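Report on the following structure.
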């Protein structure tokens, strides 16, 4: 079984930065895709950054130029550097992994709050 543990959330003022980390453990050797999703009340969970094992990334327009996703293939970890944070970035951030074998897994979520 695969588990994801996220860390790095918190409260920050608008314009500030946070770095989220997500570590995979358990029965996993490699992955196809890892990503960060954000959920806010009343909205569907949305992808804010994704990265493949090869390093291809994708971001929605709302975070392009402000968020950067990176990964460590050997440690099966993914990071999200969030700069120039805005109040609308507030939400619960979930780590997601699509292993090369097995079913996708979600982390438990970490709260990010950006005050104006």
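Numbering (the numbering used here), first residue to last: 1281 to 1396. Even for Gly, the Cβ is constructed at its ideal location relative to N, Cα and C. Note that the coordinates shown come from a computational prediction; the quantities given were computed from them, not determined experimentally.
Cβ-Cβ distances below 6 Å link residue 1320 to 1371 in the same chain, with the five nearest sequence neighbours on each side left out; the list follows chain order. Checking the DSSP bridge columns, you'll see residue 1362 partnered with 1298 and 1347.
The three-state secondary structure of residue 1341, taken from DSSP, is coil. Classified as buried, residue 1362 has 16 or more neighbouring CB atoms from the shown chains inside 10 Å of its CB. Taking all protein chains shown into account, residue 1354 has fewer than 16 neighbouring C-beta atoms within 10 Å of its C-beta and is therefore exposed. For residue 1321, the three-state secondary structure derived from DSSP is coil. Going by beta carbons, residue 1299 and residue 1376 fall outside the 8 Å limit. With a cut-off of 8 Å on Cβ pairs, the stretch 1375 to 1391 is in contact with the stretch 1282 to 1300, counting three or more such pairs. If you compare the alpha carbons of 1357, 1383, 1378 and 1364 with that of residue 1285, the shortest gap goes to 1357. Residue state for residue 1367 is assigned as helix, using DSSP reduced to three classes.
Closest in C-alpha terms to residue 1303, from the list 1395, 1374 and 1382, comes 1374.
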